[in-house]
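A short write-up of the structure that comes next.
Numbering (my numbering), first residue to last: 2 to 412.
Rendered as structure tokens:
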């Protein structure tokens, strides 16, 4: 019992980490690692050295980790489309926590982006297979059952120049389990969402979603925006920001030990982690890097792409804004989204939650919208941080965790 206050304090600080719980939950898992950690599947990602920390304190300096949502359904509940799925990195996010731990940037890399994938060792076959022109979501399958996560980390580094210290894969059913563990997530829908591929039908308004409905909401692409992967990314950002506000609210999930344990259990039972995340001290230290971070300093951005001239169903990197983004990540520069519009699958939420404001494709010049909830998370970030940050190029879409937004259906 002597350690409980420290664990609970660490857990309370996991609110920002819960923002990415849908695709990783690595930090959320820290609270129960003592009793559940032995059941976690781990793999090596080939990153040398040990985390810079001593005991249960925040990691020192900047932190980078890759989180993967895999669309494989092997060994899980039956897929809506009737097949076991494939081992693809259906969702890939590079998370960068600044060296002063005052900003977190979550970069979603579109799965349909055509890139050059580096040589990667397939642990099962022992072969290395570079690819000059491949879809980004092929990276996970290139390493086999044990080497796939390492291949995704390598692909992210090849694309961005950022080498992640940590990584994790969240299996398909993890979304359903964790959304249920927090008692559901209230999402705003601006226009009807109908996607028979995933069995999702939502009318305009606020919907508390959990379980398989939450999983379908995050997987939907045919029912969102223009029906493509870019719309799905912004739709996922709507969910993630709503999740962050939910868990940080007074009396929310992270203030209840039972709910917190259930959230950690849901995460751990549906995850594969890099093997340097098995230590309780490291798990807690990762969580503690988020202490005092304001939700307005948590940025969800989409890696900038353009339609592929050679294939209308694929994307290519939009080189100029991509360079600006990756330089900011590599140099640990503070950035904001003052010049950036929301993605095509999202729109701002009006003060009347039942009547979302009309979508706008124009970049906002007014900066991030203040949260409508009185509980916006920790606010003791260094004063004046926003005044010293640089706006990312307007070609980079996204939102902060403080913004209340709604999803846009494709109808």
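The C-beta atom is built at its ideal place from N, Cα and C for all residues, glycine as well.
Next on the checklist: DSSP three-state label for residue 230, please.
Outcome noted: Helix.
Next on the checklist: If you follow the beta strand (DSSP E) that residue 416 is in, where does it begin and where does it stop?
Outcome noted: Residue 416 lies beyond the stretch modelled for the chain, which goes from 2 to 412, so this question has no answer here.
Item to check | residue 82 versus residue 60: straight-line alpha-carbon distance, rounded | outcome: Note on residue 82: pLDDT 40, under 50, position unreliable in the model; no value is reported.
Checklist entry - Does DSSP classify residue 237 as helix, strand or coil? => result The three-state secondary structure of residue 237, taken from DSSP, is helix.
Checklist entry - From 335, 93, 158 and 90, pick the residue whose C-alpha is nearest to that of residue 389; which is it? => result Among 335, 93, 158 and 90, the Cα nearest to that of residue 389 belongs to 335.
Checklist entry - Based on Cα-Cα distance, which residue from 189, 145, 121 and 113 lies nearest to residue 1? => result Since the first residue of the chain shown is 2 and the last is 412, residue 1 is not available in this structure.
Next on the checklist: Quick check on the DSSP output: the beta strand (DSSP E) that includes residue 348 runs from which residue to which?
Outcome noted: That run of the beta strand (DSSP E) goes 347-349.
Checklist entry - Would the beta-carbon of residue 141 fall within 9 Å of that of residue 96? => result No. Outside cutoff.
Next on the checklist: Distance check for residue 406 and residue 184, CA to CA, integer angstroms please.
Outcome noted: If I take the Cα positions, the gap works out to 20 Å.
Checklist entry - Where does residue 192 sit, in a helix, a strand or coil, going by DSSP? => result DSSP, reduced to helix, strand and coil, places residue 192 outside both helices and strands of the structure shown, so it counts as coil.
Checklist entry - What do you reckon, are the CB atoms on residue 316 and residue 231 nearer than 9 Å? => result In this structure, residue 316 sits near residue 231, with a CB-CB distance shorter than 9 Å.
Next on the checklist: Just verifying my parser: in three-state terms, what is the DSSP assignment at residue 152?
Outcome noted: Look at residue 152 here: in three-state DSSP terms it is helix.
Next on the checklist: Can you tell me which residues form a DSSP beta bridge with residue 294?
Outcome noted: Residue 294 pairs with nothing; no bridge assigned.
Next on the checklist: Rounded to whole angstroms, what is the Cα-Cα separation between residue 175 and residue 120?
Outcome noted: Pairing residue 175 with residue 120, the inter-Cα distance amounts to about 30 Å.
Checklist entry - Using DSSP with H/G/I as helix, E/B as strand and the rest coil, what is residue 178? => result Residue 178: helix per DSSP, three-state reduction.
Checklist entry - Do you know how far the Cα of residue 312 is from the Cα of residue 403? => result C-alpha separation (whole angstroms): 36 Å.
Checklist entry - So, using beta-carbon positions, are residue 191 and residue 205 closer together than 9 Å? => result Contact: yes.
Checklist entry - Is DSSP giving residue 315 helix, strand or coil here? => result DSSP places residue 315 in strand when its eight states are reduced to three.
Checklist entry - According to DSSP, which residues form a beta bridge with residue 208? => result Beta-bridge pairing links residue 208 to 188.
Checklist entry - What did DSSP end up calling residue 276 once you bin it into helix, strand or coil? => result Collapsing the DSSP output to three states places residue 276 in a helix.
Next on the checklist: If you reduce the DSSP assignment to three classes, tell me which class residue 398 lands in.
Outcome noted: If DSSP states are grouped into helix, strand and coil, residue 398 belongs with coil.
Item to check | Cβ neighbours of residue 43 in the same chain (closer than 8 Å, five flanking residues each side left out) | outcome: Within the same chain, Cβ atoms closer than 8 Å to the Cβ of residue 43 are found at 273, 274, 275, 276, 278 and 279, the five residues on either side in sequence being excluded.
Next on the checklist: If I follow the unbroken beta strand (DSSP E) through residue 134, where does it start and stop?
Outcome noted: 132-136 is the span of the beta strand (DSSP E), which, as asked, contains residue 134.
Next on the checklist: Is residue 297 close to chain C? Criterion is C-beta to C-beta, closer than 9 Å.
Outcome noted: Protein chain content of the structure displayed is limited to a single chain, and chain C is not contained in it.
Checklist entry - Taking Cβ positions, are residue 345 and residue 200 nearer each other than 9 Å? => result Against a cut-off of 9 Å, the Cβ pair of residue 200 and residue 345 comes out as no contact.
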